[in-house]
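Right, one structure below, let's go through it.
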Amino acid sequence: MRRINFGEAIREALWQEMERDPQVFVYGVTVPAHSKIFGTVAGLAERFGPERCFDTPISEEAMTGFGLGAAINGMRPVHIHIRIDFLLLAMNQLVNMISTYSYSHGGNVKVPLVIRAVVGRGWGQGYQHSKSVHALFAHIPGLKVVLPTTPKDAKGLLTAAIRDENPVLFLEHRWLYWAEEEVPEEPFSIPLGEGNILRQGNDLTVVATSWMNVEALKAAEVLEKRGVSLEIVDPRTIAPFDDRLVIQSVEKTGHCIVADNDWLDCGFSAEVAARVSEKCFGRLKSPVKRIGFAPTPCPTVRCLENEFYPNAEEIIRTAEEKLGLPPIDLTKEDFYSHERKFKGPF
Amino acid sequence: MKKSVTETLKNKTENRPGLDLYRKLYLIRQAERLIIRHYPEDQMKTPMHMSMGQEATATAVCHALVTGSASGRAGSMHLAAPDKGLLCTSAVVASSIPLAVGAAFANKRKGNGRIACAFFGDGALEEGVFWESLNAASVMKLPVLFVCEDNGLAIHTKQDVRQGFKSITEVVRNFECSTFQSDSTDVEVLYRLVRQAVEAIGSEGRPSFLHLKCYRYLDHIGIQEDFDLGYRSKEEFEEWFKRDTIALQRKRLLSQGWSEAELAEEEEKINRHLEKSLRNAQAAPFPPSEDLHRGVFYETH
Ligand SMILES: Cc1ncc(C[n+]2csc(CCOP(=O)(O)OP(=O)(O)O)c2C)c(N)n1
Ligand SMILES: [Mg+2]
Numbered sequence: 060m061r062r063i064n065f066g067e068a069i070r071e072a073l074w075q076e077m078e079r080d081p082q083v084f085v086y087g088v089t090v091p092a093h094s095k096i097f098g099t100v101a102g103l104a105e106r107f108g109p110e111r112c113f114d115t116p117i118s119e120e121a122m123t124g125f126g127l128g129a130a131i132n133g134m135r136p137v138h139i140h141i142r143i144d145f146l147l148l149a150m151n152q153l154v155n156m157i158s159t160y161s162y163s164h165g166g167n168v169k170v171p172l173v174i175r176a177v178v179g180r181g182w183g184q185g186y187q188h189s190k191s192v193h194a195l196f197a198h199i200p201g202l203k204v205v206l207p208t209t210p211k212d213a214k215g216l217l218t219a220a221i222r223d224e225n226p227v228l229f230l231e232h233r234w235l236y237w238a239e240e241e242v243p244e245e246p247f248s249i250p251l252g253e254g255n256i257l258r259q260g261n262d263l264t265v266v267a268t269s270w271m272n273v274e275a276l277k278a279a280e281v282l283e284k285r286g287v288s289l290e291i292v293d294p295r296t297i298a299p300f301d302d303r304l305v306i307q308s309v310e311k312t313g314h315c316i317v318a319d320n321d322w323l324d325c326g327f328s329a330e331v332a333a334r335v336s337e338k339c340f341g342r343l344k345s346p347v348k349r350i351g352f353a354p355t356p357c358p359t360v361r362c363l364e365n366e367f368y369p370n371a372e373e374i375i376r377t378a379e380e381k382l383g384l385p386p387i388d389l390t391k392e393d394f395y396s397h398e399r400k401f402k403g404p405f
Numbered sequence: 005m006k007k008s009v010t011e012t013l014k015n016k017t018e019n020r021p022g023l024d025l026y027r028k029l030y031l032i033r034q035a036e037r038l039i040i041r042h043y044p045e046d047q048m049k050t051p052m053h054m055s056m057g058q059e060a061t062a063t064a065v066c067h068a069l070v071t072g073s074a075s076g077r078a079g080s081m082h083l084a085a086p087d088k089g090l091l092c093t094s095a096v097v098a099s100s101i102p103l104a105v106g107a108a109f110a111n112k113r114k115g116n117g118r119i120a121c122a123f124f125g126d127g128a129l130e131e132g133v134f135w136e137s138l139n140a141a142s143v144m145k146l147p148v149l150f151v152c153e154d155n156g157l158a159i160h161t162k163q164d165v166r167q168g169f170k171s172i173t174e175v176v177r178n179f180e181c182s183t184f185q186s187d188s189t190d191v192e193v194l195y196r197l198v199r200q201a202v203e204a205i206g207s208e209g210r211p212s213f214l215h216l217k218c219y220r221y222l223d224h225i226g227i228q229e230d231f232d233l234g235y236r237s238k239e240e241f242e243e244w245f246k247r248d249t250i251a252l253q254r255k256r257l258l259s260q261g262w263s264e265a266e267l268a269e270e271e272e273k274i275n276r277h278l279e280k281s282l283r284n285a286q287a288a289p290f291p292p293s294e295d296l297h298r299g300v301f302y303e304t305h
């Protein structure tokens with residue numbers, strides 16, 4: 060099977076859904092312009108025309124309500140924000156209008172609206188270009204929230220999101236755009252609300268979201284060398300959150316680390332911890348441990364940014380502590396370095 | 005016609021702002037050139053948004069605000085002072101505009117005679133918060149100077165697909181707000197216009213709106229030219245570059261009696277100052293990791 064990257068997988072899902080259904084259209088600030096949203100909309104304007112792939116005024120709230128208006132009139136809009144931070148300007152439409160629309164109509168109206176937003180990180184993105192805040196959205200009944208990690212998931216989940224009759228937020232970590240794997244060429248969908256065992260293991264469960272799955276995989280690789288096997292559960296959809304895979308896994312391992320790509324307080328990690336303590340109470344061999352952003356706005360300078368973000372090493376140390384193992388020497392390990400991967404300007 | 009020697013000397017002494025304005029223009033241009041030179045070293049791990057080509061708008065406004073206020077020190081580069089209305093900058097389009105309205109409200113209540121100033125691009129005109137702020141300032145008759153730096157672009161998108169109105173000043177004119185506009189790149193023309201706009205705030209007892217057309221030489225982000233991207237032409241740049249603000253002002257100063265040597269000396273001073281700033285920045289230590297947690301909330305000192 061051919062390999063493509065995360066960004067290409069998203070583009071392919073959009074392309075195929077636009078081919079399949081003429082009601083699907085893609086829009087947002089700078090969408091068809093030069094940088095093509097990390098390449099994810101490349102060629103769409105040329106193929107499907109400016110009525111189905113277009114730029115908008117910088118008016119996030121209005122253009123979000125616009126999406127709702129179009130969706131309840133038979134269209135299937137995909138609204139794109141180059142950072143989640145800008146989507147926050149549309150919280151009123153999202154929380155007061157979009158999330159409540161179906162409910163206020165007794166579930167009789169379809170709201171097939173997808174909102175894609177990018178989670179920024181690194182190279183001085185700073186506190187206004189790097190939020191994830193997925194828990195903010197997942198907190199609201201009536202919104203589905205998807206956090207894809209792998210290219211294959213990105214394609215299958217976006218396809219499912221576009222075909223879904225409800226509003227779906229699709230949050231893409233910008234560092235994942237380079238991830239590559241085998242992805243089927245034909246259209247396929249992965250049901251929203253189904254988690255994924257990213258890695259089988261027996262000793263300890265790591266529930267990770269978005270980029271933190273990459274860190275968890277690295278941690279698992281390192282720990283394997285000393286005979287510790289991590290099981291990694293990627294929920295993929297955090298609202299609705301089907302906790303079955305998590306519960307099954309923790310029942311097996313008795314240990315749970317939640318590595319969330321977000322702040323911890325009142326966040327998705329707290330939701331996972333609550334469910335695990337509720338449903339696996341008697342089986343837990345140690346308390347659930349949560350790993351996430353430092354409780355500060357995201358700093359801009361590299362050295363503080365490195366402190367701000369959680370990483371594989373933190374997962375390794377936490378796992379060792381839980382299992383009562385002495386800390387392994389990590390000086391020879393080759394951890395992910397954004398420095399080597401990416402040099403500006405944005 | 006050639007001016008007499010006494011005439012040019014008179015201009016020279018009277019036109020102090022002319023030299024000060026030139027210094028500021030030159031400083032901004034050279035600071036950006038310095039950044040461009042050193043950016044590829046990857047020491048500045050951050051996106052860059054260059055203003056090259058648009059120096060005159062900020063220079064004219066800031067200079068008028070500083071010299072127009074009793075406490076101001078002309079030529080100072082520390083213009084991000086709250087009492088000048090420059091409270092913050094934001095990387096979220098239009099989001100600092102209402103802060104100026106609140107600051108103006110505070111100034112009015114205190115009766116300190118100060119105005120607040122909001123800078124924003126043409127893209128900000130598309131955000132609801134711009135209109136909400138304009139309306140609030142107008143109905144509350146607050147001393148706000150709204151400055152729209154209109155380079156016709158939002159990243160790589162031109163106005164025709166973003167804005168459904170022909171003239172922003174025509175629209176704003178219908179508010180309780182005085183309007184001023186210019187497409188000049190002549191910093192002195194702009195400086196006088198800003199002075200007028202500031203005076204109108206006092207005499208009319210309401211906000212002023214300044215619409216200034218300008219042109220961005222480089223890409224939205226980064227230090228490079230971007231004429232190869234196809235969204236704008238090099239010819240457009242060349243048209244504007246004929247009226248490059250720095251060249252214009254330099255020519256004026258020469259015609260007013262400053263010598264080439266005098267200007268070169270001024271420029272050299274600025275370049276030395278910038279080189280020193282660069283060395284300071286390079287030598288400055290990075291913050292210690294404990295700093296991460298400092299300042300989330302106000303800390304008593
Ligand atoms: C609310 C919001 N939406 C989108 C963006 C992405 N963005 C960054 S700069 C920019 C264009 C701004 O254009 P303008 O206001 O004209 O400023 P200019 O850079 O031209 O001075 C956009 C859309 C943002 N920063 N904030
Ligand atoms: Mg602009």
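These protein sequence lines are chains A and B, in that order. Quick note: the first sequence uses this note's numbering, first residue 60, plus one each step. Quick note: the second sequence uses this note's numbering, first residue 5, plus one each step. Just so it is clear, CB atoms sit at the ideal spot from N, CA and C, and this is done for glycine as well. As the structure is a prediction and not an experimental result, all values here were calculated from the model.
In the DSSP annotation of this structure, the continuous segment of the beta strand (DSSP E) that includes S182 (chain B) starts and ends at 182–186. Uninterrupted alpha helix (DSSP H) stretches at least 4 residues long and entirely within the region 63–100 of chain A occur at 65–79, given in chain order. Of all residues in the region 87–107 of chain B, those with a C-beta nearer than 9 Å to a C-beta of chain A are S94, A95, V96, V97, A98, S99, reading in chain order. Closer than 7 Å to some heavy atom of ligand 2: that describes the Cβ of N155 (chain B).
The C-alpha of P207 (chain A) lies about 58 Å from the C-alpha of S207 (chain B). For S137 (chain B), same chain residues with a beta-carbon under 7 Å away, outside a window of 5 residues either side, are I101, P102, V105 in chain order.
Only those residues of the region 122–144 of chain B whose C-beta falls short of 7 Å from the nearest C-beta of chain A are listed: G127, E130, E131, G132. Excluding its 5 nearest sequence neighbours in each direction, P356 (chain A) has C-beta neighbours in its own chain below 7 Å: Y186, listed in chain order.
At the C-beta level, Y162 (chain A) and G201 (chain A) come within 8 Å of one another. A Cβ-Cβ distance of about 5 Å is found for the pair D144 (chain A) and K190 (chain A), placing them in contact under the 8 Å criterion. DSSP places S345 (chain A) in no beta strand (DSSP E); its state is neither H nor E. Nearest to I159 (chain B) by alpha-carbon distance, out of B:W244, B:K217, B:L233, is B:L233. A heavy atom of ligand 1 is found nearer than 7 Å to the CB of T89 (chain A). The DSSP-derived three-state label of K162 (chain B) is strand.
In this structure, K381 (chain A) places its C-beta atom within 8 Å of the C-beta atom of L263 (chain A). Runs of the beta strand (DSSP E) lying entirely within the region 122–183 of chain A, each at least 3 residues long, are 135–140, 173–178 in chain order. At a cut-off of 8 Å between beta carbons, T50 (chain B) contacts chain A. With a cut-off of 7 Å, the C-beta of A158 (chain B) is classified as near ligand 2, since at least one heavy atom of the ligand falls inside that distance.
The alpha carbon of V317 (chain A) has as its nearest neighbour, out of A:V360, A:E373, A:N365, the alpha carbon of A:E373. Contact annotation for D321 (chain A) against chain B: no contact, minimum CB-CB distance about 16 Å [criterion: below 9 Å]. Listed along the chain, the chain B residues whose CB falls inside 7 Å of the CB of F367 (chain A) are L296. With 16 or more other CB atoms across the displayed protein chains lying within 10 angstroms of its CB, L257 (chain A) is buried. Cα atoms of L282 (chain A) and D301 (chain A): separation of roughly 28 Å, rounded to the nearest angstrom. With fewer than 16 other CB atoms across the displayed protein chains lying within 10 angstroms of its CB, F394 (chain A) is exposed. Assignment of beta-bridge partners to T264 (chain A) by DSSP yields A:E290, A:C315. Assigned with DSSP and collapsed to three states, G351 (chain A) falls in strand. Interface with chain A (8 Å Cβ-Cβ cutoff): I159 (chain B) is included. No Cβ of chain B is located within less than 8 Å of the beta carbon of F65 (chain A).
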